[in-house]
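Trainee: Attaching a single structure in structure tokens format; questions to follow.
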Amino acid sequence: MTLLEVENLSVTYSPRDSAAVRAVDKVDFGIEEGEFVGLLGESGCGKSTLGHAILRLLEKPAAITGGSITFDGRDITHLDEDELRPLRWADLSTVFQSSMNSLNPVITVREQFADTFAAHPEAAGDRPDVDARAGELLEMVSLGRDVLRRYPHELSGGMKQRVALALALALRPRFVLLDEPTTGLDVVVQRDILDRLRELQRKLGFAVLFISHDLGTVMEMADRVMVMYAGEIVEDQPAGDMIESQLHPYSAGLLGSYADPRDEVVQVAFVPGRPPDLSREHAGCLFEPRCPVSVDACRTEHPELLPAGRGQARCLLVEQSPDDGALLRDVAPTDRLGGVFSADSEPRARGAADTEPVMVVDGVGKTYRTKRGVRTTTTRAVDDVSFALRPGRVSALVGQSGSGKTTIARLITGVERPSSGTIRFKDTRVDTLRRRAMRRYRRHVQLVFQDPFSALNPTRTIAYALGRPLRNHLGMTGEQARQRAAELLETVGLSPAEQYLDKLPGQLSGGQRQRVVIARALAPQPEVIVADEPISMLDVSIRAEIVELLDRLVRERGIAMLYITHDLLSARLLADEVMVLNQGVMVEHGPTLEVIGQARDAYTRRLLAAIPRPGRSRESWPDEPPNEAERVPAGS
Amino acid sequence: MTYFVRRAGFFLATLWAAVTLNFLIPRLQPGDPAQAILSRLTGKSQAVDPAQLEAVRKMLGAPDGNLLAQYGDYLGALAHGQFGISYTYYPYTVTDVIGDAIPWTLVLVGVTQILSFFIGTVLGAWAAYRRNTRADSWITLGSTFVGTLPFFWLALLLIFVFAITLRWFPDGGGYGGGSQPGWNWLFFSDAFQHSVLPGLSLLITGPIGWILGMRNNMVQTLGEDYARLARAKGLSRRRIALTYGARIAILPNVTGFAIALGSILGGTVLVETIFNYPGMGRLLLEAVSNKDFPLMQTLFLFTTVGVLIANFLADVAYGFLDPRVRRTEAA
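Residue numbers (our numbering), protein chains in the order written: chain A, 940 to 1575; chain B, 31 to 361.
Laid out in structure tokens, this is it:
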């Protein structure tokens, strides 16, 4: 029997001061006992809302406005909180998005297990032995029993996530909802956790709905994958079939964002445009404005989710083709994708490797001292690192969290001074600059941050955000600054600029915000840009767009870029050379394809193995202790 | 453990700094108190007789010796609880004067502050627990409304209604009606009668800040992921509200409460003035208007030390309540 049956489910957000938004629209699907189902979609497509609706955790202003949810034959759509309580966790449990904040900060891990047991005497027994059972659960997720006595802030992100997973399995639920459970964790840690999760799922036999925007992971983990777009399920297929052929053009676009960075020619696609405004009625297919293969009928006719192949799809083209999905399959992959960004083995027509460097880092080291009582511990964050940045070239700095990447960025931008070695910008010694000179220097070196959501002041307009560096570094004010801000927006592809100048960051999508952040970095006409994981927080479908933008800027403006990342695919696409950092030491460096193609360092190889390659069996791990990447951050 | 040792260290260091500043500031001020007193007595234009000046100095016990020696004497006197002689209540010592005033303030303001915090926290937590219901609206709107009323107006209204019109309570003072301060029933019941109106006025206005602060903090914590997870875990509403809501939301208020407790020693000038209450606040007002330097200086010292002690206690409490600070500090 179907364990979870979702029929015609709609969820509407009705905020008091704006139009109602249909976040989930007539969604229909079932999950069998023990089945692992993936739910894929970009941010804002309604996947988390759907998840919360299934768990009956929606809070005002969101509410279920139609349809039903049946769990194990029982309609739970309208149960009240008291009727739901025995079902919660004992039958349906969950791991939330990245869990950084899903453990109570003021009570120990043990207590969080204890209150779960106490709330469910029917499932846990009247007097459960908390230490024994919770300890066992922790061991199941490769954590020691001593974690029980710890508080959440004493654990690393990966450890917290393991605790959350152990907690989710505490009462042996039959269904677990995983809502982006590993987003924000180090790639290698992510891998470890997901592997363990799949193993446990096979062993314990619970059903899973795995929500993620990370297509590669979903494809690898799930038996069946559903793709959600603008509140609707647009495709539902067994994972294996979907890898072979995607029915919906949107799925094709998503799948196109992956490639093997070791290939001679690497090509990734993106889906241009943004999802539709769901507070308005749309007549035709919701994906039509972004669809590269749409026909006239798409604009007027709303497709239904109809059987296709061994699954279902919501697309007129699929519907009309005699052989399911054949029409789409015949179109060349590059043509059915909105945009393509590719890198081949040929050197870029950009700055040559022998041009005069603008920035030379020579034998730089940075030591941090932390005082704990009378003892002083020193940490070598960066050790004897040397490299040069050249105009028109991108150098990628690759390494796991804590390897010293960000410290190098701070040293280059002059936020911190090196403990040893020298940093030269043209003829200036950066490491000895003082106040005024440092301010002048900063004009030439700008930063692009990782998180576009916190990098912009939410209470100030875009024009203001761009106006600040123009005023501080170039002395521009008033109409002149506004004019230049508009030009900058056009440069980063936000056009027409007038439409964006007076908006607040909150009114823009993640990708648009990151473009603004890039525009701000360009404002003082810098010669060096340090981009610290600029795409890792963005949706997969638009990452390639930003990579393309960065590439274009570097090429057109002859900027030297230090691209910090742990994503080898984007490094391959963007960088001319790659440097691999491990515990502050540069372990590998050289031309991109060389380093990636013949990776020698264990960490680089693990990073490569961690890149999801749907449909291909993953390479085995290099022999390394699995928890190496998860040391408790020291004193952070 | 290191956390508590460090906190204690900080406390002692700030205490020393406060005591020393209290010593230095009056000495760094220009002018001579004896001269000032004499000028006031004789009128500005007239010349001051050096002998008179000397006499006043003697009377005040103006210090001699160099600054370091004075500092030593000052510390010694502090250690023995000697703060000099009050100009206003000559020949009583400052210690006597303060000793008379302090119980009144401690009892009235102390009790109302603690009650206010308690009431405010409970009401605020209740409002957050029942957020967006009628109970929440009543509590939030009600306290915002009362918060807009001027305090003195509220106090005068209380006096007008309960003391003058209804004659249920006396309209001012700390005691009266034939009782004398002492450990007897008559005095206590009398003092209680006198404290009802000032106490009530403090209790009406006191909890407002705590209510709004607690409600807003708690609404926020209840919106966090861990509270949502607690709901998904099927915990009871009570457990969620207490452990995942109030327990975390109360933390920022603890510091505020400590500072409020610390400032008790300074008294509340407005209340004590309106109700003619014989506490520290009124004393401070008198000291300032009479330029009673020894008294003023001591009152300031008391307030500072009070706030410091309360802060230290808050830090200690915080260490127990919030495991996060212990570690962050240690690292």
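From the three backbone atoms N, C-alpha and C, an ideal C-beta is built for every residue, glycine too.
Source: prediction; values computed, not measured.
(1) Would a check of beta-carbon distances place residue 1033(A) closer than 8 Å to chain B?
(2) My understanding is that residue 1280(A) touches residue 1487(A), with C-beta atoms under 8 Å, so please give their C-beta distance in whole angstroms.
(3) Rounded to whole angstroms, what's the CA-CA distance from residue 1439(A) to residue 1431(A)? Just pull it up for me.
(4) Between the segment 250-260 of chain B and the segment 207-226 of chain B, do at least 3 Cβ pairs fall closer than 8 Å?
(5) Pairing CB atoms from the segment 1228-1240 of chain A with CB atoms from the segment 1533-1548 of chain A, are three or more of them under 8 Å?
(6) Sorted by chain position, which residues of the same chain lie with C-beta nearer than 6 Å to residue 1237(A)'s C-beta, five sequence neighbours on each side aside?
(7) Below 7 Å CB to CB, which residues in the same chain sit around residue 1221(A) once its five sequence neighbours on both sides are set aside?
(8) Exposed or buried, which one is residue 1100(A) when buried takes at least 16 other CB atoms within 10 Å?
(9) Name the chain A residues that come within less than 7 Å of residue 324(B), Cβ to Cβ?
(10) List in chain order: all unbroken alpha helix (DSSP H) runs of 4+ residues lying wholly within the segment 265-324 of chain B.
(11) Taking a cut of 9 Å between CB atoms, which residues from the segment 272-300 of chain B lie near chain A?
(12) For a quick check, are the C-beta atoms of residue 1351(A) and residue 1501(A) less than 8 Å apart?
(13) Have a look at residue 340(B) and residue 88(B) and give me their C-alpha separation to the nearest angstrom.
(14) Should residue 1042(A) be flagged as near chain B, meaning a C-beta pair shorter than 8 Å?
(15) Between residue 1102(A) and residue 1082(A), how many whole angstroms is the CB-CB distance? I'm expecting something under 8 Å.
(16) CB-CB under 7 Å to residue 1472(A), same chain, minus the five flanking residues each way: which ones, in chain order?
(17) For chain A, find out if any of its Cβ atoms is closer than 8 Å to the Cβ of residue 345(B); answer yes or no.
(18) Strictly under 8 Å for the Cβ-Cβ distance: is residue 172(B) near chain A by that measure?
(19) Apply the 10 Å Cβ neighbour rule to residue 1041(A) and answer buried if 16 or more other Cβ atoms are within range, or exposed otherwise.
(20) Whole angstroms are fine: how far does the CA of residue 111(B) sit from the CA of residue 140(B)?
(21) Where does residue 244(B) sit, in a helix, a strand or coil, going by DSSP?
(22) Check the Cβ-Cβ distances between residue 359(B) and every residue of chain A, and say whether any is below 8 Å.
(23) Would you verify that the beta carbon of residue 1115(A) is, or is not, closer than 8 Å to some beta carbon of chain B?
(24) In the segment 245-269 of chain B, which residues sit with their C-beta less than 9 Å from some C-beta in chain A, listed in chain order?
(25) Does the CB of residue 1303(A) have a neighbour CB from chain B at under 8 Å?
(26) Between the segment 162-187 of chain B and chain A, which residues of the former have CB atoms less than 8 Å from a CB of the latter, in chain order?
(27) Which residues in chain B have a C-beta closer than 8 Å to the C-beta of residue 1058(A)? List them in chain order.
(28) With a threshold of 8 Å between beta carbons, is residue 989(A) in contact with chain B?
(29) Considering only residues of the same chain and omitting the five flanking positions on each side of residue 288(B), which have a CB-CB separation below 7 Å?
(30) Along the segment 1054-1079 of chain A, where does the CB come closer than 9 Å to a CB of chain B? Name the residues.
(31) Can you tell me where the beta strand (DSSP E) holding residue 1499(A) begins and where it ends?
(32) Over the uninterrupted beta strand (DSSP E) stretch that includes residue 1385(A), give me the two end residues.
(33) Residue 1150(A) and residue 1253(A) - do their beta-carbons sit closer together than 8 Å?
(34) With which residues is residue 1180(A) paired in a DSSP beta bridge?
(35) Leaving out five residues on either side along the sequence, give the residues of the same chain with a beta carbon under 7 Å from the beta carbon of residue 956(A).
(36) What residues in the segment 1394-1411 of chain A bring their beta carbon closer than 9 Å to a beta carbon of chain B?
Mentor: With the given structure in hand:
(1) Reading the first sequence from its first residue, position 94 is the one you call residue 1033(A). Interface residue, yes.
(2) Residue mapping note: residue 1280(A) aligns to position 341 of the first sequence, counting from 1. Residue mapping note: residue 1487(A) aligns to position 548 of the first sequence, counting from 1. The pair is a contact, with the Cβ atoms about 5 Å apart (cut-off 8 Å).
(3) The count along the first sequence starts at 1 and reaches residue 1439(A) at position 500. The count along the first sequence starts at 1 and reaches residue 1431(A) at position 492. Taking C-alpha positions only, residue 1439(A) is separated from residue 1431(A) by approximately 12 Å.
(4) With a cut-off of 8 Å, the segment 207-226 of chain B and the segment 250-260 of chain B do not count as touching, because too few Cβ pairs lie within range.
(5) The segment 1228-1240 of chain A is not in contact with the segment 1533-1548 of chain A.
(6) Residue 1237(A) sits at position 298 when you count from the first residue of the first sequence. These residues qualify, in order along the chain: 1223, 1224, 1227, 1255.
(7) Here the question's residue 1221(A) lines up with position 282 in the first sequence. Cβ neighbours of residue 1221(A) beyond the five flanking positions: 1215.
(8) Along the first sequence, read from residue 1 onward, the residue named residue 1100(A) stands at position 161. Under this definition residue 1100(A) is a buried residue.
(9) Position 294 of the second sequence, counting from 1, holds the residue named residue 324(B). None at all; the shortest Cβ gap to chain A is about 43 Å.
(10) Here the runs fully enclosed are 281-292, 299-304, 310-319.
(11) Correct list: 273, 274, 277, 278, 281.
(12) Residue numbering aside, residue 1351(A) sits at position 412 when the first sequence is read from its first letter. Residue numbering aside, residue 1501(A) sits at position 562 when the first sequence is read from its first letter. Cβ distance < 8 Å, so residue 1351(A) and residue 1501(A) count as in contact.
(13) Looking up residue 340(B) in the second sequence gives position 310. Looking up residue 88(B) in the second sequence gives position 58. Distance between the alpha carbons of residue 340(B) and residue 88(B): 38 Å.
(14) As a working note, residue 1042(A) is residue 103 in the first sequence. Chain B contact via Cβ: present.
(15) As a position in the first sequence, residue 1102(A) is number 163, starting the count at 1. As a position in the first sequence, residue 1082(A) is number 143, starting the count at 1. At roughly 7 Å, the Cβ-Cβ gap stays under 8 Å, so residue 1102(A) and residue 1082(A) are in contact.
(16) Your numbering for residue 1472(A) matches position 533 in the first sequence. Same-chain partners within the cutoff: 1389, 1503, 1504.
(17) On the second sequence, position 315 is the one that residue 345(B) refers to. For residue 345(B), the closest Cβ of chain A is not nearer than 8 Å.
(18) Here residue 172(B) is taken as the residue at index 142 of the second sequence, counted from 1. No, its Cβ sits nowhere closer than 8 Å to a Cβ of chain A.
(19) Within the first sequence, numbered from 1, the residue matching residue 1041(A) stands at position 102. Label assigned to residue 1041(A): buried.
(20) Here residue 140(B) refers to the residue found at position 110 of the second sequence. Here residue 111(B) refers to the residue found at position 81 of the second sequence. Counting only the Cα atoms, residue 111(B) lies some 23 Å from residue 140(B).
(21) As a working note, residue 244(B) is residue 214 in the second sequence. Correct three-state label for residue 244(B): helix.
(22) Indexing the second sequence from 1 puts residue 359(B) at position 329. Reliability fails at residue 359(B), whose pLDDT of 44 lies under 50, so the model's placement of it is uncertain and the value that follows must be treated cautiously. Under the 8 Å criterion on CB atoms, residue 359(B) is classed as non-interfacial with respect to chain A.
(23) The sequence position of residue 1115(A) within the first sequence is 176, counting from 1. Cβ-Cβ to chain B under 8 Å: no for residue 1115(A).
(24) With the criterion set as a beta carbon lying under 9 Å from some beta carbon of chain A, the members of the segment 245-269 of chain B are 253, 254, 255, 256, 257, 258, 259, 260, 261, 262, 263, 264, 265, 266, 267, 269, in sequence order.
(25) On the first sequence, residue 1303(A) is found 364 positions in, with the first residue counted as 1. No, because no Cβ of chain B sits closer than 8 Å to the Cβ of residue 1303(A).
(26) Within the segment 162-187 of chain B, the residues whose Cβ lies closer than 8 Å to some Cβ of chain A are 162, listed in chain order.
(27) Indexing the first sequence from 1 puts residue 1058(A) at position 119. Within chain B, the C-beta atoms nearer than 8 Å to that of residue 1058(A) come from 263, 264, 265, 266, 269, in chain order.
(28) The residue you call residue 989(A) lines up with position 50 of the first sequence. No, residue 989(A) does not count as interfacial toward chain B.
(29) Taking the second sequence and counting its residues from 1, the one referred to as residue 288(B) is at position 258. Result list for residue 288(B): 340, 341, 343, 344, in chain order.
(30) Under the 9 Å Cβ criterion, the segment 1054-1079 of chain A contributes 1054, 1055, 1057, 1058, 1059.
(31) What you label residue 1499(A) is simply residue 560 of the first sequence in a count that begins at 1. Counting along the chain, the beta strand (DSSP E) containing residue 1499(A) begins and ends at 1499-1504.
(32) Position 446 of the first sequence, counting from 1, holds the residue named residue 1385(A). Its beta strand (DSSP E) spans residues 1384-1387.
(33) Numbered from 1 along the first sequence, position 314 holds the residue referred to as residue 1253(A). Numbered from 1 along the first sequence, position 211 holds the residue referred to as residue 1150(A). The answer is no: Cβ separation not under 8 Å.
(34) The sequence position of residue 1180(A) within the first sequence is 241, counting from 1. In DSSP, residue 1180(A) forms no bridge with anything.
(35) The count along the first sequence starts at 1 and reaches residue 956(A) at position 17. Here the set comprises nothing.
(36) Residues: none.
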